[in-house]
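Numbering (the UniProt record's numbering), first residue to last: 1 to 358. For each residue, glycine too, the CB sits at the ideal point set by N, CA and C. Every value quoted in this text rests on a predicted model; they were computed, and no experiment measured them.
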């Protein structure tokens, strides 16, 4: 049995835990109430889990260590988060409880990425040095930490989402017919599909792009809700569908679209966009434009484009032809198919657990 600690289990992590449990028995403990999923505009999952008693205050977390220690497991997969005080306790007492500890996390603060990719955080360095192994989400963070700890026992999981294989296997449908169905008239369609829960998505840039766009040529499909969602009602070329729970409708809207657009805070949503065969257009990571770790999945002019300003974005879009968009879209889908399938992520995790178990 392998013990996992997680805040909660959103829908996009469901397949990972279900499939991993088939390879090696696991028990997932969550320290947040699953009701928090709805308030964060997530969908829930059907993964069996146990609530662990915890207290949190200003970014620090204390959870009941004895819940994990009494479990008949030889490995604990905890979170790579220096604010988890109980994790420090478990790391420093490994000689007593004799359980192996794997730390799972980003490895770098999204908000301090530019600084920490050159000089990793001291507390994370100490935490990692005490652990038996580390799971990073992507190869980019693994490479950064290998420069600090060349002999580090760590892997990159290849972070992806539930249902990715279903998206990859979708058959092509008649885009013209679907456009007529949804009354979408423009020639080139951008799609944005994410939660409106953080200003770091840079909705100001999204609105500026929409405002300055040729309304007859470019259309924008919006999927998602959240407390920071702007009113798109004033724009004739914006098609706002809110939250979508009908998979067929979502599939059809992605088929209609040509390009996945998200100015900032790109994360797992771009994996979904690429699986649908859409190139990802975003803005370059800076101190003001924050990007999550999945940003490293975007390869310039291969499966997407990155811009420094709205002016550069407009110039880049105007110079694109349909064949170029299709080329990058095909590359995006192939990238997901070869590197970001769920069976690959589960396989990476299972191989690591088997290694530590032996």
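Around the C-beta of residue i, are 16 or more other C-beta atoms found within 10 angstroms, so that it is buried, or is it exposed?
{"i": "residue 104", "result": "buried"}
{"i": "residue 66", "result": "exposed"}
{"i": "residue 60", "result": "exposed"}
{"i": "residue 393", "result": "No statement about residue 393 is possible, as the shown extent of the chain runs from 1 to 358 and does not include it."}
{"i": "residue 293", "result": "buried"}
{"i": "residue 269", "result": "buried"}
{"i": "residue 177", "result": "exposed"}
{"i": "residue 291", "result": "buried"}
{"i": "residue 336", "result": "buried"}
{"i": "residue 114", "result": "exposed"}
{"i": "residue 340", "result": "buried"}
I need the DSSP call for residue i, collapsed to helix, strand or coil.
{"i": "residue 225", "result": "coil"}
{"i": "residue 9", "result": "coil"}
{"i": "residue 100", "result": "strand"}
{"i": "residue 50", "result": "strand"}
{"i": "residue 18", "result": "helix"}
{"i": "residue 74", "result": "coil"}
{"i": "residue 88", "result": "helix"}
{"i": "residue 66", "result": "helix"}
{"i": "residue 238", "result": "strand"}
{"i": "residue 206", "result": "helix"}
{"i": "residue 55", "result": "strand"}
{"i": "residue 95", "result": "helix"}
Grab me the residues of residue i's own chain with a C-beta within less than 6 Å of its C-beta, minus the 5 sequence neighbours each way, in chain order.
{"i": "residue 139", "result": "156"}
{"i": "residue 190", "result": "220, 259 and 261"}
{"i": "residue 63", "result": "31, 52, 54 and 86"}
{"i": "residue 120", "result": "148"}
{"i": "residue 3", "result": "27, 68, 71, 73 and 76"}
{"i": "residue 134", "result": "103, 128 and 154"}
Taking the C-alpha atoms as reference points, what is the distance between residue i and residue j?
{"i": "residue 202", "j": "residue 123", "result": "30 Å"}
{"i": "residue 301", "j": "residue 12", "result": "28 Å"}
{"i": "residue 198", "j": "residue 358", "result": "43 Å"}
{"i": "residue 289", "j": "residue 129", "result": "31 Å"}
{"i": "residue 354", "j": "residue 338", "result": "23 Å"}
{"i": "residue 96", "j": "residue 117", "result": "34 Å"}
{"i": "residue 23", "j": "residue 241", "result": "39 Å"}
{"i": "residue 271", "j": "residue 326", "result": "17 Å"}
{"i": "residue 109", "j": "residue 101", "result": "21 Å"}
{"i": "residue 47", "j": "residue 314", "result": "44 Å"}
{"i": "residue 233", "j": "residue 21", "result": "45 Å"}
{"i": "residue 321", "j": "residue 90", "result": "56 Å"}
{"i": "residue 49", "j": "residue 77", "result": "14 Å"}
{"i": "residue 273", "j": "residue 98", "result": "43 Å"}
{"i": "residue 92", "j": "residue 132", "result": "12 Å"}
{"i": "residue 180", "j": "residue 253", "result": "12 Å"}
{"i": "residue 185", "j": "residue 222", "result": "15 Å"}
{"i": "residue 275", "j": "residue 344", "result": "15 Å"}
{"i": "residue 146", "j": "residue 264", "result": "27 Å"}
{"i": "residue 243", "j": "residue 196", "result": "11 Å"}
{"i": "residue 16", "j": "residue 170", "result": "21 Å"}
{"i": "residue 163", "j": "residue 351", "result": "22 Å"}
{"i": "residue 1", "j": "residue 245", "result": "34 Å"}
{"i": "residue 142", "j": "residue 296", "result": "12 Å"}
Among the residues of its own chain, which have a CB less than 8 Å from the CB of residue i, if the five just before and after it don't count?
{"i": "residue 277", "result": "329, 330, 332 and 333"}
{"i": "residue 175", "result": "255 and 256"}
{"i": "residue 307", "result": "281, 282, 283, 284, 313 and 316"}
{"i": "residue 172", "result": "255"}
Ignore the nearest five residues each way along the sequence and tell me which others in residue i's own chain have a CB closer than 7 Å to its CB.
{"i": "residue 83", "result": "59, 60 and 61"}
{"i": "residue 94", "result": "101"}
{"i": "residue 235", "result": "210"}
{"i": "residue 187", "result": "217"}
{"i": "residue 310", "result": "205, 208, 209 and 212"}
{"i": "residue 161", "result": "12, 268, 271 and 272"}
{"i": "residue 194", "result": "201, 224, 262 and 269"}
Q. What are the complete alpha helix (DSSP H) segments, minimum 4 residues, inside the segment 109 to 195?
A. List check, alpha helix (DSSP H) in window: 113 to 116, 122 to 130, 139 to 148, 164 to 168 and 175 to 182.
Q. Residue ranges of each alpha helix (DSSP H) run of no fewer than 4 residues wholly in the segment 279 to 356, ordered along the chain?
A. Within the segment 279 to 356, the runs of alpha helix (DSSP H) at least 4 residues long that lie entirely inside it are, in chain order, 310 to 318 and 322 to 339.
Q.
I'd like the ranges of any alpha helix (DSSP H) spanning at least 4 consecutive residues and lying wholly in the segment 242 to 274.
A. For the segment 242 to 274, whole alpha helix (DSSP H) runs of length 4 or above, ordered along the chain, are 247 to 256.
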